[in-house]
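Novice:
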Amino acid sequence: SPILNKGKVYLTTFSGTLYKLRSSDGKIEQAARLKPTSLPTIAGNHIYITQRRKKKGKVYEAVVELNQDLTIRRTLAVHPAPYLDFAFVKKGKLKRNARKWDASNGFPSAPDIAGWRKASQLIGQSNVSSLQNFVGSTVVYDHKHVFTTMGDTIRCISLASGEEVWAYGIEGSLLKEGGHLATMPLVSNEFVVSVTHNGKVLLLDKATGDLKESFATKTYVRNQPVIVDGKIYVSSTTGKMSCIDTQNKALDGWPMFLKNNSHDFSN
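Printed below as a string of structure tokens:
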């Protein structure tokens, strides 16, 4: 998904490149081979992505802050990331389900034109459906912090100090499930909201990461929910939609995937 900000379009590719285009004519202004594993998030003069790294044969994922020229300003976090390793991911439930979803859409196997070979080496996914559905550890910004779901953990990082403020571990097995165990978080007033792979809606305290409330939808979920006027809408991979009425009007302001048409989290 392209991100539009101040006349520029930012996008990442499964071949490992971050692009900055001029929105008026699509001219490439800059490109950087950063091995991004998420959509870019633009906040003021900075860009946030997650990035694949490798050390001593093991895969890691970093949260990095970039300058406008796409150079790395600072690294905010680095954690082990087996959920990006194809050899690890292909053993999980998501891979088996993705094969079925592909077959139902006329793909007995992913065609080369889908770019799955390069994608599998970057994010560990290799099916048309799982590539189309992938948002990874995309960062959410709220002026003082950034939030991200990295595999089996939701993390809050202070922008002032660059230090992790809190981390919330998600129940489940990365090896058994494959991919991320919860959706990309969203921020609504004092809450951080995410949905686990098995359909549990988590309402976390934004300041502390403590679980304030949870709701079970009993569905298989891989997509970020939306929140409007105290209601949380959760879509499942089977087509079932769940609506949870929290009766809390402070839960509001996230009416679509990635919040709004420009994917701007700063407002």
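Position one of the sequence shown corresponds to residue 12 (the numbering used here), numbered consecutively onward.
Even for Gly, the Cβ is constructed at its ideal location relative to N, Cα and C.
All values reported here derive from a predicted model rather than from experimental measurement.
Using beta-carbon positions only, say whether G180 and L192 come within less than 7 angstroms of one another.
Specialist: For this step, residue 180 is matched to residue 169 along the sequence shown. For this step, residue 192 is matched to residue 181 along the sequence shown. Cβ distance not < 7 angstroms, so G180 and L192 don't count as in contact.
Novice: How would you label I39, buried or exposed, when you count the other beta carbons within 10 angstroms and need 16 or more for buried?
Specialist: Here residue 39 refers to the residue found at position 28 of the sequence shown. It is exposed - the Cβ of I39 has fewer than 16 other Cβ atoms within 10 Å.
Novice: Check N209 in the structure and name its three-state DSSP category.
Specialist: Stepping through the sequence shown from its first residue, residue 209 is reached at position 198. N209: coil per DSSP, three-state reduction.
Novice: Counting C-beta neighbours from all protein chains within 10 Å, is the total for R33 16 or more, i.e. buried, or is it exposed?
Specialist: Against the sequence shown, residue 33 aligns to sequence position 22. It counts as exposed.
Novice: Pull up the DSSP beta-bridge partners for F158, would you.
Specialist: Against the sequence shown, residue 158 aligns to sequence position 147. According to DSSP, which records beta bridges pairwise, F158 is partnered with V151 and C167.
Novice: Can you list, in chain order, the residues of its chain with a C-beta nearer than 6 angstroms to that of S247? Leave out the 5 residues immediately preceding and following it.
Specialist: Position 236 of the sequence shown, counted from the start, is the residue given in the question as residue 247. Excluding positions up to five away in sequence, the list reads T230, Y231 and V232.
Novice: I need the boundaries of the alpha helix (DSSP H) containing V100, first residue and last residue.
Specialist: As a first step, residue 100 must be located in the sequence shown, where it is residue number 89. First-last of the alpha helix (DSSP H) with V100: F97 to V100.
Novice: Output needed for L81: all residues of its chain with C-beta closer than 8 angstroms, excluding positions within five of it in sequence on either side, in chain order.
Specialist: For the purposes of this step, residue 81 is taken as the residue at position 70 of the sequence shown. So the qualifying residues of the chain are L29, K31, Q41, A42, A43, L45 and I58.
Novice: Which residues share a DSSP beta bridge with G180?
Specialist: Position 169 of the sequence shown, counted from the start, is the residue given in the question as residue 180. Secondary-structure assignment with DSSP links G180 through a beta bridge to T164.
Novice: Between the alpha carbons of V146 and L50, how many angstroms are there, rounded?
Specialist: Along the sequence shown, read from residue 1 onward, the residue named residue 146 stands at position 135. Along the sequence shown, read from residue 1 onward, the residue named residue 50 stands at position 39. Answer to the nearest angstrom: the Cα atoms are 6 angstroms apart.
Novice: Cutting at 8 angstroms between CB atoms, please list the residues of its own chain near N144, excluding the five before and the five after it.
Specialist: Within the sequence shown, numbered from 1, the residue matching residue 144 stands at position 133. R233 and N234.
Novice: Exposed or buried, which one is A109 when buried takes at least 16 other CB atoms within 10 Å?
Specialist: Within the sequence shown, the letter at position 98 stands for residue 109. Classification of A109: buried, given that the 10 Å Cβ count is 16 or more.
Novice: Taking the beta strand (DSSP E) that E188 belongs to, which residues open and close that run?
Specialist: One-based indexing of the sequence shown puts residue 188 at position 177. Segment L185 to E188 is the alpha helix (DSSP H) holding E188; no beta strand (DSSP E) there.
Novice: Which term fits E72, buried or exposed, when burial requires 16 or more other beta carbons within 10 angstroms of its beta carbon?
Specialist: Locating residue 72 in the sequence shown gives position 61, where the first residue counts as 1. With 16 or more other Cβ atoms from the protein chains shown falling within 10 Å of its own Cβ, E72 counts as buried.
Novice: Report all residues from its chain with a CB closer than 6 angstroms to the CB of P13; omit the five preceding and five following residues, and keep chain order.
Specialist: As a first step, residue 13 is located in the sequence shown; it is residue number 2 there, counting from the start. So the list reads V20 and L22, once near-sequence residues are dropped.
Novice: Would you check if there are 3 or more beta carbon pairs closer than 8 angstroms linking the segment 77 to 92 to the segment 164 to 178?
Specialist: yes
Novice: Jot down the residue ranges of each uninterrupted alpha helix (DSSP H) in the segment 14 to 43, minimum 4 residues, whole runs only, in chain order.
Specialist: none
Novice: With DSSP collapsed to three states, give me the class of P93.
Specialist: Within the sequence shown, the letter at position 82 stands for residue 93. Helix at P93.
Novice: Pull up the CB-CB distance for T228 and V245, whole angstroms please, since I reckon it's below 8 angstroms.
Specialist: Taking the first residue of the sequence shown as 1, we reach residue 228 at position 217. Taking the first residue of the sequence shown as 1, we reach residue 245 at position 234. Confirmed, about 5 angstroms.
Novice: According to the Cβ coordinates, are D113 and S140 closer than 7 angstroms?
Specialist: Numbered from 1 along the sequence shown, position 102 holds the residue referred to as residue 113. Numbered from 1 along the sequence shown, position 129 holds the residue referred to as residue 140. Yes, the pair counts as a contact, with Cβ atoms nearer than the cut-off.
Novice: If we ignore side chains and look at the alpha-carbon of each, how far apart do F158 and F97 end up?
Specialist: Numbered from its first residue, the sequence shown carries residue 158 at position 147. Numbered from its first residue, the sequence shown carries residue 97 at position 86. If I take the Cα positions, the gap works out to 25 angstroms.
Novice: Using alpha carbons as the reference points, say which of A92, L142 and Q62 lies closest to T164.
Specialist: Taking the first residue of the sequence shown as 1, we reach residue 164 at position 153. Per the Cα distances, A92.
Novice: Whole angstroms are fine: how far does the CA of K129 sit from the CA of D275?
Specialist: Here residue 275 is taken as the residue at index 264 of the sequence shown, counted from 1. Here residue 129 is taken as the residue at index 118 of the sequence shown, counted from 1. Approximately 28 angstroms, taken between the alpha carbons.
Novice: Buried or exposed for H208, please, with buried defined as at least 16 other CB atoms from any protein chain shown within 10 angstroms of its CB.
Specialist: Counting from 1 along the sequence shown, the entry for residue 208 is found at position 197. By the neighbour-count criterion, in which 16 or more other beta carbons inside 10 Å mark a residue as buried, H208 falls on the buried side.
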